[in-house]
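Read through the structure below, which is laid out as structure tokens, and then see the notes.
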Ligand code: SAH
Ligand code: SF4
């Protein structure tokens, strides 16, 4: 990958990066300017890496993902799991299969599993609660990523032992959101995040970078929004066009813009957990290492096995689909060690206390 040069960064941008590093605050206009400046990429990454080191340390948290169903009642225009996509083979793992993968995750040394799926109505609370309880009993921190549910359902899952929930806002641009997520409401998405936060979940959210028509100003707005809700985790991934969706011919997200976005998030939310996403690695091999030195402190290796691993096709070209979970584990450990970092041995709950002042309040 060609690295942008940082020697010609205008002094104003150098000052802005320094301000961000020291105060963790930038205005919408300042964020927009930095996001729009390719020459600021290395500068932002270096500042974000320093802030990452100071606030969350050198440990890299590995979260094993179990993709337990690719059946979805929603029809998001960008996603291969959308209900109108007749080209993928649908699957749903049994409770025994899910538990078996969770046990294997324990065996690989993972302290957290992320249970992710499409919005699959089959998984009622009667079915899900015992699964969450059983996974929790293995001593794992449990993260769920099942899409939109009612407050009562989120509460039941929390009581069953779920600790965290990932629900990307995708974009703060409500018109764009509702155009690409037909039938879904931006207000409802935000209400879900608010419910999750008030129920005591650690809340993960994030952005899909590069949706057609998405402005850089809206990305700046996303950063400020995540800061205002005091997000615990933020996953930022480039949009990767999927040939089986209506956005098959769209341009897709830019690696460098996504990287600047991630670095700015670390600068403005110094304590957050920020993953080096699989979608970034899919765009550029070696991206995980680049992102781990640009502000990220989390990697989410896939624990799903066999055909399910191949059929959980949000986007094409997803890395490592042919590998076994055991291979992923040892590969990641080696890659992390070669960077002079280490695999963290705790469950990786969000750290608090180092930020000089807490930002905002969402509840
Ligand atoms: N159904 C749940 C969880 C699974 S989808 C939900 O929607 O929250 C998880 C994430 O995959 C989405 O939030 C979206 O940001 C991402 N995703 C979907 N299609 C994608 C694509 N084509 N390129 C990159 N990321 C995509
Ligand atoms: Fe379903 Fe999530 Fe894909 Fe939307 S992004 S179609 S909710 S799996």
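Numbering (this note's numbering), first residue to last: 171 to 533.
Where a beta carbon is used, it is the ideal one built from N, C-alpha and C, also for glycine.
Rounded C-alpha distance that separates residue i from residue j
i           : j           : result
residue 329 : residue 211 : 43 Å
residue 285 : residue 315 : 6 Å
residue 239 : residue 268 : 10 Å
residue 275 : residue 447 : 19 Å
residue 190 : residue 199 : 13 Å
residue 182 : residue 439 : 22 Å
residue 226 : residue 256 : 43 Å
residue 513 : residue 431 : 25 Å
residue 445 : residue 250 : 22 Å
residue 509 : residue 323 : 41 Å
residue 441 : residue 521 : 6 Å
residue 492 : residue 318 : 30 Å
residue 380 : residue 422 : 5 Å
residue 348 : residue 386 : 18 Å
residue 359 : residue 384 : 18 Å
residue 355 : residue 252 : 16 Å
residue 265 : residue 403 : 27 Å
residue 453 : residue 272 : 28 Å
residue 310 : residue 206 : 40 Å
residue 186 : residue 228 : 25 Å
residue 526 : residue 499 : Low confidence applies to residue 526: its pLDDT is 45, below 50, so where it sits in the model is not reliable, and the reading given next is rough at best. Distance between the alpha carbons of residue 526 and residue 499: 36 Å.
residue 203 : residue 338 : 24 Å
residue 458 : residue 307 : 31 Å
residue 332 : residue 321 : 14 Å
residue 295 : residue 263 : 16 Å
residue 291 : residue 261 : 13 Å
residue 535 : residue 478 : Any answer about residue 535 is impossible in this case: the structure gives the chain only from 171 up to 533.
residue 335 : residue 313 : 5 Å
residue 193 : residue 293 : 44 Å
residue 517 : residue 468 : 11 Å
residue 304 : residue 361 : 28 Å
residue 532 : residue 449 : Low per-residue confidence applies at residue 532: pLDDT is 41, beneath 50, and the placement is therefore not dependable, though the value from the model is reported in the following sentence. Between residue 532 and residue 449, the C-alpha separation is close to 29 Å.
residue 277 : residue 473 : 11 Å
residue 530 : residue 401 : Summary for residue 530: the model assigns pLDDT 41, below 50, so the residue's position carries little reliability; its value from the coordinates is reported in the next sentence. Answer to the nearest angstrom: the Cα atoms are 10 Å apart.
residue 363 : residue 346 : 19 Å
residue 259 : residue 488 : 16 Å
residue 171 : residue 224 : Here residue 171 scores only 49 on pLDDT, less than 50, and its place in the model is too uncertain to base an answer on.
residue 435 : residue 429 : 10 Å
residue 411 : residue 378 : 11 Å
Distance cut-off 7 Å: residue i Cβ against heavy atoms of the ligand SF4
i           : result
residue 251 : yes
residue 472 : no
residue 259 : no
residue 484 : yes
residue 245 : yes
residue 242 : yes
beta-carbon residue i near the ligand SAH non-hydrogen atom, thresh 7 Å
i           : result
residue 286 : yes
residue 338 : yes
residue 366 : no
residue 433 : no
residue 315 : yes
residue 289 : yes
residue 248 : yes
residue 449 : yes
residue 407 : yes
residue 308 : no
residue 412 : yes
residue 205 : no
residue 327 : no
residue 346 : no
residue 378 : yes
Next on the checklist: Within 8 Å, do at least three Cβ pairs link the stretch 413-421 to the stretch 367-375?
Outcome noted: no
Next on the checklist: Counting beta carbon pairs with one atom in the stretch 242-254 and one in the stretch 210-228, are three or more of them shorter than 8 Å?
Outcome noted: no
Checklist entry - Does the stretch 498-506 come close enough to the stretch 458-474 that 3 or more CB-CB pairs lie under 8 Å? => result yes
Checklist entry - What are the uninterrupted segments assigned as alpha helix (DSSP H) that are 4 or more residues long and contained completely in the stretch 305-383, given in chain order? => result 321-329, 344-350 and 356-368
Next on the checklist: Is it the case that the stretch 470-485 contacts the stretch 216-224, given that we only count it when at least three CB pairs across the two stretches are under 8 Å?
Outcome noted: no
Next on the checklist: Is it the case that the stretch 384-391 contacts the stretch 336-345, given that we only count it when at least three CB pairs across the two stretches are under 8 Å?
Outcome noted: Flag = yes, the stretch 336-345 and the stretch 384-391 touch.
Checklist entry - Fully enclosed by the stretch 188-241, which beta strand (DSSP E) runs are 3 residues long or longer? => result 229-239
Item to check | beta strand (DSSP E) segments (min. 3 residues) lying fully within the stretch 401-469 | outcome: Within the stretch 401-469, the complete beta strand (DSSP E) runs of at least 3 residues fall at 403-408.
Next on the checklist: My parser needs the beta strand (DSSP E) runs of 3 or more residues fully inside the stretch 251-308; what are they?
Outcome noted: Fully enclosed beta strand (DSSP E) runs of 3 or longer: 282-287.
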